[in-house]
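Structure first, commentary second.
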Amino acid sequence: MLGDTYILFQIAGIGIVIAMIHTVLKQMGKEDIAHWATLVGFILVLFIVMDNLADLFQQIKSVFLFR
-18 MLGDTYILFQ IAGIGIVIAM IHTVLKQMGK EDIAHWATLV GFILVLFIVM
32 DNLADLFQQI KSVFLFR
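Just so we're aligned, residue -18 is where the sequence shown starts under the numbering used here, counting upward by one.
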């Protein structure tokens, strides 16, 4: 349970940092770099979610297959 909240806060922290970077870069007139930063943040969060989904499926498999 503690790991679940850690993951949520990690994703939220990444989102906040990326939003701040995007806003600063957009204010500086570098919108293309701001979009790239947002894309990198999205991909980072996607990898975190995919890794945890793999763990979730392993847990479901172990519960229903009794291994």
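We put the CB at the ideal spot given by N, CA and C, even for glycine.
So what does DSSP say about residue i, is it helix, strand or coil?
{"i": "Lys11", "result": "coil"}
Restricting to Cα atoms, I'd like to know which of the options is closest to residue i.
{"i": "Gln(-9)", "options": "Val44, Gly22, Leu37, Gly10", "result": "Gly22"}
{"i": "Ile51", "options": "Tyr(-13), Gly(-4), Gly(-16)", "result": "The chain is shown only over -18 to 48; residue 51 falls outside these bounds and no answer can be derived."}
Between residue i and residue j, which are expected to be in contact by the criterion C-beta below 8 Å, what is the C-beta distance as a whole number of angstroms?
{"i": "Ala15", "j": "Lys7", "result": "5 Å"}
Are there 16 or more other CB atoms within 10 angstroms of the CB of residue i, so buried, or fewer, so exposed?
{"i": "Ala18", "result": "buried"}
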